[in-house]
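Once you know that position 11 of the sequence shown is 10 in numbering that gives the first Met the number 0, the rest is easy, because the numbers rise by one and skip nothing. Idealized CB from N, CA, C, for every residue including glycine. Predicted, not measured: the structure shown is a model, and the values here were computed from it. Working notes, structure below.
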Amino acid sequence: MLNRYFFIYVATIIAIRIWLWYFPKHAPKIGDFQSHHYMVGLVLIAICLIVYKPILLAIGSALVVDEIPLFFIFKTWNWPDDHWKQYHSWESIAMIVAISLLGYFALQYMVHKPDLRIR
Numbered sequence: 000m001l002n003r004y005f006f007i008y009v010a011t012i013i014a015i016r017i018w019l020w021y022f023p024k025h026a027p028k029i030g031d032f033q034s035h036h037y038m039v040g041l042v043l044i045a046i047c048l049i050v051y052k053p054i055l056l057a058i059g060s061a062l063v064v065d066e067i068p069l070f071f072i073f074k075t076w077n078w079p080d081d082h083w084k085q086y087h088s089w090e091s092i093a094m095i096v097a098i099s100l101l102g103y104f105a106l107q108y109m110v111h112k113p114d115l116r117i118r
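Take a look at the structure:
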């Protein structure tokens with residue numbers, strides 16, 4: 000079961016990266032507020048806490064993890080409009096892979112440890 004959701008997680012990251020490679024466009028601004036797809040991910044994770052649907056957690060987590068490297072590159076959640084080079088950099092991709100593998104192995108450990116089992 001965990002592998003199925005990890006597949007959905009990876010597929011979400013790949014899909015959003017391919018989409019933004021071909022269509023590098025920001026969401027519309029609302030005043031000075033610029034939305035990002037990690038915000039949609041946080042909303043999906045919050046919904047998953049209320050209505051337990053693991054697929055929402057997989058997709059939401061992927062959307063959040065996909066933009067975490069930009070925070071470390073720019074040291075803020077408000078990055079410049081021309082951040083596409085950094086978004087598609089090897090550094091960014093390596094961080095996503097590292098975070099994803101760390102999360103996957105942590106979940107594997109918790110699933111196989113009876114006193115830490117996720118229900």
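| Item | Value |
| --- | --- |
| Counted within 10 angstroms of its Cβ, other Cβ atoms place E90 as buried (16 or more) or exposed | exposed |
| Spatially closest choice to N77 from I7, H25, I17, R16, by CA coordinates | H25 |
| Sufficient close CB pairs (3 or more, under 8 angstroms) joining the stretch 46-55 to the stretch 10-29 | no |
| Residues near F5 by beta carbon distance below 6 angstroms, same chain, minus five either side | Y103 |
| Exposure of Y108, with buried meaning 16 or more beta-carbon neighbours within 10 Å | exposed |
| Endpoints, alpha helix (DSSP H) assigned at G30 | Premise fails: G30 is in no alpha helix (DSSP H) and is neither H nor E. |
| Cβ-based neighbour list, I46, same chain, cut-off 6 angstroms, excluding 5 preceding and 5 following | L55 |
| Helix, strand or coil at D65 according to DSSP, with G and I counted as helix | helix |
| Contact under 8 angstroms by Cβ, H36 with D65 | yes |
| Sequence-distant residues of its chain with Cβ nearer than 6 angstroms to G59 (five each side left out) | G40, L43, I44 |
| Secondary structure, alpha helix (DSSP H): runs of 4+ residues fully inside the stretch 72-101 | 83-86 |
| Sub-8 angstroms separation of I67 and I12 beta-carbons | no |
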